[in-house]
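Notes follow the structure.
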Amino acid sequence: MPLDALSHNARGMARMDLRRLRAFVTLAEEGSVTRGAERLGMQQPQLTRLLRGMEAKFGTLLMERLPRGVRPTEAGTALLTEARQVLAKVEGLRGAVDRAARGEQGHLAIGFTGSAALHPLVPRTLRQFRTAFPAVSLTLEEAATQELVEALLQERVDAAFVRSDIIGMPEVRVESILDEPMLAALPPGHPLAREESQPLPLARLAPEAFVLYHRPPRPGLYEPIITACRAAAFDPHVVQEAPQLPSTLSLVAAGFGVSLVPASLRDQAPRVVTFRALAECFGLSAPLRLATRRTSGSAPLARFLDMVRQQQRNGDG
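Heads up, the sequence shown stops at 315 in the working numbering, and the numbers go up one at a time, no gaps.
Structure (structure tokens):
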């Protein structure tokens, strides 16, 4: 039968199980029914029946019987080439499935608010994850908390770093990562800056003009700051609101007023800004939370959560 008999019997190969293909490749590599059967862990008659069944399916001889052993015919050589490619592809698929099941391959979308991204834990976790799992495609999205919640519910992101608790959303799980202290940020030449090493009573900021990070309806740090000031017996005089925390510090540096910011922003600030710890904070802190869908179950996300929790246990950040 001519060589193109294999193409005429393509449907036969499609129905052929991988076990028979592996047996054929092994037999061709060993050149001996005896050695091939030993390598495959089967009896010689069983391997011979497999070969004959394949030849019957294709309607042509695949192995030439020699006085000592066997070797592929021209048609068998063509089958051997194709069989090796099929088996390699199957092994590749199995490896991809195994890696995906272990969370080592796939896709992960991470969201974060602008202020959350300024905490060193967030970029460090993202960097370590990319290094540890290079086969996971990582997509990043920066947005306000409400937009990130909507992205979670719409499954556009898998997890989101936020700066506030998310209330009234049973579909969203919020995990506390850390609570960092807030610092008073003072403009250059401010009298209170001269006592930099001493904790600052919050009440001493009562006469000051305040620059704050945007007010509600966006959840964030605005309301907790107002609440803490009122607990210190004054209503802060807010003269300017900034859309982003870094711009808050720029306005402080320009002399618009004082502010209260997360401690992690100290390294982001202009040098002329002075920071002072608060003597009492009245429950004021800058939370870092990680929000996910309660139904989220992807293996890459599980890997990412494990990495964040490990840093939390190690006290990183």
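Just so you know, even glycine gets a beta-carbon here, dropped at the ideal spot from N, CA and C.
Within this structure, are the beta carbons of residue i and residue j separated by less than 7 Å?
i, j, result
"A319", "L19", "Residue 319 lies beyond the range of the chain shown here (-1 to 315); nothing can be said about it."
"L16", "L116", "no"
"L171", "T290", "Looking at the sequence shown, residue 171 is not Leu but Arg. Yes. Within cutoff."
"T246", "V209", "yes"
"E153", "A284", "no"
"Y211", "L190", "no"
"M52", "L64", "no"
"L276", "L200", "yes"
"T111", "V160", "yes"
"G34", "L25", "yes"
"L334", "I108", "The question about residue 334 has no answer here: the residues shown for the chain are numbered -1 through 315."
"V134", "G90", "no"
"A143", "S113", "According to the sequence displayed, residue 143 carries Thr and not Ala. Taking 7 Å as the Cβ cut-off, T143 and S113 do not qualify as a contacting pair."
Is residue i helix, strand or coil when you go by DSSP?
i, result
"R204", "Correcting the residue identity first, residue 204 is Ala in this sequence and not Arg. Coil."
"M52", "helix"
"M167", "coil"
"R213", "coil"
"R9", "Legend: pLDDT at R9 = 43, less than 50; position of this residue unreliable, no value from coordinates given."
"D233", "coil"
"P197", "coil"
"A3", "Any reading at A3 must be qualified, since the residue scores a pLDDT of 47, below 50, and its modelled position is unreliable; no value is offered."
"T293", "coil"
"A300", "helix"
"G315", "With a pLDDT of only 49 at G315, under 50, the local geometry of the prediction cannot be trusted, and no value is derived from it."
"S257", "strand"
"A21", "helix"
"D177", "strand"
"Q242", "coil"
From this set, the options, which residue's C-alpha is nearest residue i's C-alpha?
i, options, result
"E140", "A130, E239, A157 and F127", "A157"
"G316", "A275, L64, E194 and E145", "The structure shown does not extend to residue 316, since the chain is modelled only from -1 to 315, so the question has no answer here."
"R66", "V250, G295 and T32", "T32"
"A261", "Q308, L176, L288 and A229", "L176"
"L203", "F232, M180, A130 and R307", "F232"
"A230", "T272, G281, Q266 and D265", "G281"
"P234", "F22, V250 and P205", "P205"
"Y220", "P199, E53, M180 and V134", "M180"
"E173", "N312, G34 and R307", "R307"
"R228", "G57, S296, L150 and E278", "E278"
In the DSSP output, what is residue i paired with across the bridge?
i, result
"I108", "L138 and A157"
"F273", "A183"
"M61", "P70"
"V172", "A289"
Under 8 Å, with one C-beta from each stretch per pair, do the stretch 182 to 191 and the stretch 250 to 268 reach the 3-pair mark?
Contact holds: three or more Cβ-Cβ distances are below 8 Å.
Evaluate contact between the stretch 40 to 48 and the stretch 65 to 84, counting only Cβ atoms and requiring at least three cross-stretch pairs below 8 Å. Output reads no: the stretch 65 to 84 does not touch the stretch 40 to 48.
Three or more C-beta pairs closer than 8 Å, one from the stretch 193 to 206 and one from the stretch 110 to 128: is that the case here?
With a cut-off of 8 Å, the stretch 110 to 128 and the stretch 193 to 206 do not count as touching, because too few Cβ pairs lie within range.
Looking at C-beta atoms only, is the number of pairs between the stretch 234 to 242 and the stretch 294 to 311 that lie closer than 8 Å three or more?
They do not touch, by the three-pair rule.
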